[in-house]
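J.: Residue numbers (my numbering): -3 to 81.
So that we are looking at the same thing, I have put the structure below in structure tokens.
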């Protein structure tokens, strides 16, 4: 089945999801949907990892939900930083 942002938004609303983590690609799809149709007030924290998060996606998601996105970094993102010390 093809991914549909509205299906994910409906599940967040239905199951009152409090913590949500997804790659920026998913957030790009979500901000293109009409998020105002869904009650997302249960969300307490939202995070992302796996690829760069654009400022536009961050700002649009925050404007529509009131939540900023916490950006995580894993082993592949931090290896060079750690090796420089």
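Cβ coordinates follow ideal geometry from the N, Cα and C atoms, glycine included.
1) Exposed or buried, what is residue 19 when buried is set at 16 or more other beta-carbons lying within 10 Å of its beta-carbon?
2) Could I get the ranges of all uninterrupted beta strand (DSSP E) runs contained in the stretch 41 to 77, with 3 residues as the minimum, in chain order?
3) Within its chain, find whatever has a CB closer than 8 Å to the CB of residue 8; leave out the 5 residues flanking it on each side and keep chain order.
4) Does DSSP put residue 15 in a helix, a strand or coil?
5) If you compare alpha carbons, which of 23, 14 and 1 is closest to residue 58?
6) Could you pull out every residue in the same chain whose Cβ sits closer than 7 Å to the Cβ of residue 2, ignoring the five residues on either side in sequence?
7) So what does DSSP say about residue 6, is it helix, strand or coil?
T.: According to the structure shown:
1) So residue 19 counts as exposed.
2) Listed in chain order, the complete beta strand (DSSP E) runs (minimum 3 residues) inside the stretch 41 to 77 are 41 to 44.
3) Non-local beta-carbon contacts of residue 8 in its own chain, meaning distances under 8 Å to residues more than five positions away in sequence, involve 16, 34, 36, 38 and 39 in chain order.
4) In this structure, residue 15 counts as strand in the three-state DSSP scheme.
5) Residue 58 has its Cα closest to that of 23, out of 23, 14 and 1.
6) Excluding its 5 nearest sequence neighbours in each direction, residue 2 has C-beta neighbours in its own chain below 7 Å: 29, listed in chain order.
7) Under the three-state reduction of DSSP, residue 6 is assigned to helix.
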